[in-house]
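S.K.:
In UniProt numbering, the protein residues as written are 1 to 143.
(1) Would you mind working out which of 41, 76, 61 sits nearest residue 52, comparing C-alpha positions?
(2) Exposed or buried, residue 15, counting other C-beta atoms within 10 Å across all chains shown (16 or more means buried)?
(3) Starting from the C-beta of residue 82, find all residues in its chain whose C-beta is less than 8 Å away, skip the five residues before and the five after it, and write them out in chain order.
(4) Short of 6 Å in beta carbon distance, which residues of its chain neighbour residue 125, apart from the five on each side in sequence? Order them along the chain.
(5) Answer with buried or exposed for residue 55, where buried requires no fewer than 16 other C-beta atoms within 10 angstroms of its C-beta.
Spelled out as structure tokens, the structure:
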């Protein structure tokens, strides 16, 4: 009888130490910062297989956060990655980087543009800021 009582106390104590909470949402592990545009955001994961996603496997190691615009825990936002040439931390914005089998920052893309396929070169030409000119219209110099 004594043994049975001791076992009960031991079992209760051991189970009392276990936390039976539901899985918690991943907490931010750091802050992502794009070294080109300055975008900053807390990220919860860096890699190719984000937690709490069933069948998501990214093509590159990415900085990822939970999508704050939806209650669905499986929805994520990809913030950015590292340039595969220079290692710069860049966001996925079209002004900062391009993914073509690997992530490339725009400065590296422009520096090595001839090494990319013609379609990519044409896409990069479209991204260059085009200066608008207004023929026959004088600029107002008043302040």
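C-beta: ideal position from N, C-alpha, C; glycine also.
M.R.: The structure says:
(1) 76
(2) Note on residue 15: pLDDT 39, under 50, position unreliable in the model; the coordinate value appears next. Burial call: exposed.
(3) 61, 88, 89, 90, 103
(4) none
(5) exposed
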